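Worksheet: the structure to be examined is printed underneath.
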Amino acid sequence: MTRFEPNLRIPGPTSLPPSVREAGGRQMINHRGPEFAAMLGRIRAGMQPYFGTDSDIAIVSSAGTGGLEAAVVNVLSPGDRVLAVSIGAFGDRFARIAETYGANVDHVSAEWGWAADPAELQERLSVADYRAVLLTHNETSTGVMNPIPALAAAIRATAPDALVLVDSVSGLGAVPFEMDAWGCDLVVTGSQKAWMAAPGLAMIAASERGWAAMETARMPRFYFDLRKHRESGKSGETPWTPAVGVVFQVDEGLRLMAAEGATAIFARHEACAVATQAGLEALGFQLFADPDHRSRTVTAALIPDGLDWKAFNAEVKRRGVVLAGGQGKLAGKIFRVGHLGSVIVDEILGTMATLEEVMAATGRPVEIGAGVAAAQRAAIASIKGGGSPA
Ligand SMILES: Cc1ncc(COP(=O)(O)O)c(C=O)c1O
């Protein structure tokens with residue numbers, strides 16, 4: 000049986016709630032008029048608590064990668080020494096962007112599946128002067144969520160002047176984040192992740208120190224010059240024509256998020272994460288990520304020996320569940336289940352039921368109902384326990 004609407008279990012773009020879809024189909028408005036200005040103001044104010052900042056947020060029309068590029072080119076100069084902390088494919092990308100623009104990049108890389116180690120950061124930071132440290136909050140390629148408070152504290156303690164740049168493209172909005180309190184300088188997120196909108200907008204918040212660094216940074220920038228965004232933002236505009244349809248969607252997504260409340264959103268993401276983890280384990284899949292740092296937005300599992308993933312996944316897809324494969328060196332080794340944005344526990348239970356059905360249909364050992372039951376028990380326990388700090 001195929002579903003009319005797929006159960007889109009990739010880690011973004013995420014399924015859009017009906018009202019967000021409708022918002023994207025609205026007639027265009029003047030992006031230099033009062034209606035747009037009010038909307039931009041609502042979005043910036045609505046996002047500040049999720050970033051955990053009182054500072055200005057730039058709304059840039061681009062993919063998340065553009066947001067990362069904006070973070071790099073706005074605060075760094077060619078030749079600046081940068082410590083790139085990578086725990087997977089997106090950490091590597093962040094480092095490459097800095098290298099592309101001429102930063103002098105040193106690498107700290109964790110084995111894929113593991114989080115970064117604050118002690119290792121401190122050690123590296125104590126032997127050289129770094130202008131900036133690049134961190135990934137949620138490494139979507141491995142399903143690992145880095146402990147940003149501990150990492151930022153380690154940086155602050157050892158290299159108080161280093162700027163802390165954080166890729167939270169697939170984390171922000173789904174889990175608590177406190178950029179001001181933790182001492183992060185630039186934080187980047189993307190509309191197609193927890194924000195329940197289509198791809199097309201990157202949101203970048205900068206601390207006062209981050210904004211000040213933009214005045215002296217010398218990497219080339221024009222479209223991504225965040226000073227222009229800040230200046231235009233004062234009159235409720237963006238410097239260039241924005242992706243108005245996506246702005247409508249993010250505005251509607253934030254309205255839905257305000258109605259649900261941040262605490263409930265974080266609890267829902269935790270319930271979906273633990274349900275996915277428990278369900279997959281009950282079905283015999285081995286989870287890929289370090290158990291102490293599993294992501295709340297995406298779960299990675301190893302493809303078992305002897306499982307023809309392509310054929311198996313084709314059967315899963317035929318039943319309407321869309322999973323993500325592995326990226327980079329993990330291609331063919333892991334698969335990933337996304338659980339962010341509008342996701343609800345029922346969609347995770349449906350995913351487990353489909354996996355069970357396909358396992359039975361393809362002759363793999365499976366106890367029908369085991370994955371669904373384990374997922375449901377985990378979700379209920381998480382909700383009853385009131386969730387735990389991210
Ligand atoms: C952690 C992380 N960083 C950066 C990106 C890049 O975002 P985009 O594909 O919108 O350029 C992604 C996208 O999945 C991501 O998950």
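Just so we're aligned, residue 0 is where the sequence shown starts under numbering that gives the first Met the number 0, counting upward by one. Glycine included, each C-beta is placed from N, C-alpha and C at the ideal position. Quantities reported herein were computed from a predicted structural model and do not represent experimental measurements.
Checking the sheet assignment: what are the DSSP bridge partners for residue i?
i       : result
Asp-166 : Thr-135, Val-187
Ile-203 : Ala-57, Val-187
Leu-286 : Ala-300
Leu-8   : Looking at the sequence provided, one finds Arg at residue 8 rather than Leu. In the DSSP output, where bridge partners are listed per residue, Arg-8 has Leu-322.
Ile-347 : Per DSSP, none; premise fails for Ile-347.
Where does residue i sit, in a helix, a strand or coil, going by DSSP?
i       : result
Phe-176 : coil
Asp-105 : strand
Met-46  : helix
Gly-182 : coil
Arg-337 : A quick correction: the sequence has Gly, not Arg, at residue 337. Note: Gly-337 maps to strand in three-state DSSP.
Val-143 : strand
Leu-171 : strand
Ser-125 : coil
Lys-192 : coil
Arg-20  : helix
Glu-366 : coil
Glu-110 : coil
Thr-361 : coil
Arg-130 : coil
Val-315 : helix
Thr-64  : helix
Leu-306 : coil
Leu-39  : helix
Met-213 : helix
Ser-381 : helix
Ala-373 : helix
Ala-115 : coil
Leu-390 : The first residue shown for the chain is 0 and the last is 389, placing residue 390 beyond what the model contains.
Met-0   : Since pLDDT at Met-0 reaches only 44, below the 50 mark, its modelled position is unreliable, and the value read off the structure follows with that caveat. Correct three-state label for Met-0: coil.
Leu-15  : coil
Lys-328 : helix
Arg-208 : helix
Arg-155 : helix
Thr-52  : coil
Pro-198 : coil
Ala-161 : coil
Which residues in the same chain have their Cβ closer than 7 Å to the Cβ of residue i, if we skip the five residues on either side of it in sequence?
i       : result
Met-213 : Asn-73, Val-74, Leu-225, Arg-226
Asp-53  : Gln-47, Asp-179
Thr-353 : Val-315, Arg-318, Val-320
Val-249 : Ile-42, Ser-190, Trp-194, Ala-196, Leu-200
Ala-393 : In the structure as shown, the chain begins at 0 and stops at 389. Residue 393 is therefore absent and cannot be evaluated.
Ala-216 : Asn-73, Val-74, Leu-75, Ser-76
Could you tell me which of the options sits nearest to residue i, measuring between CA atoms?
i       : options                            : result
Val-168 : Gly-182, Leu-162, Ser-140          : Ser-140
Ser-381 : Thr-52, Arg-267, Leu-200, Ile-302  : Arg-267
Pro-33  : Val-143, Ala-149, Ser-234, Glu-21  : Ser-234
Pro-10  : Leu-306, Leu-322, Thr-350          : Leu-322
Arg-208 : Gly-182, Gln-191, Arg-217          : Gly-182
Pro-219 : Thr-157, Thr-99, Arg-318, Ser-294  : Thr-99
Gly-385 : Val-249, Gly-87, Ala-270           : Ala-270
Pro-117 : Arg-8, Ile-86, Met-256             : Ile-86
Gln-26  : Ala-373, Val-365, Val-245          : Val-245
Gly-327 : Ile-28, Val-186, Leu-133, Gly-90   : Gly-90
Ala-57  : Glu-138, Ile-302, Ser-231          : Ser-231
Phe-223 : Glu-68, Leu-164, Gly-170, Gly-278  : Glu-68
Ile-96  : Gly-170, Ala-204, Pro-175, Asp-166 : Asp-166
Does any C-beta atom of chain D lie closer than 8 Å to the C-beta of residue i?
i       : result
Ile-333 : This model lacks chain D altogether, as it is built from one protein chain only.
Residues in its own chain within less than 6 Å of residue i by CB, not counting five upstream and five downstream?
i       : result
Trp-113 : Asp-289
Asp-55  : Arg-229
Ala-274 : Val-344, Ile-347, Ala-374, Ala-377, Ala-378
Say yes only if the C-beta of residue i is nearer than 7 Å to one or more non-hydrogen atoms of ligand 2, and no if none qualify.
i      : result
Phe-89 : This structure does not include ligand 2; its bound ligands are ligand 1.
Less than 8 Å between C-beta atoms, sequence neighbours within five positions excluded: which residues of the same chain meet that for residue i?
i       : result
Ala-156 : Gln-121
Val-107 : Leu-82, Ala-83, Val-84, Ser-85, Ala-115, Glu-119, Leu-120, Arg-123
Asp-79  : Ala-102, Asn-103, Arg-130, Ala-131
Gly-23  : Leu-15, Ala-196, Ala-197, Gly-244, Val-245, Phe-247, Gln-248
Quiz prompt | Runs of alpha helix (DSSP H) lying entirely within the region 74-103, each at least 4 residues, in chain order | solution = 88-99
Quiz prompt | Continuous alpha helix (DSSP H) assignments of at least 4 residues falling wholly in the region 215-300 | solution = 225-232, 243-259, 261-281
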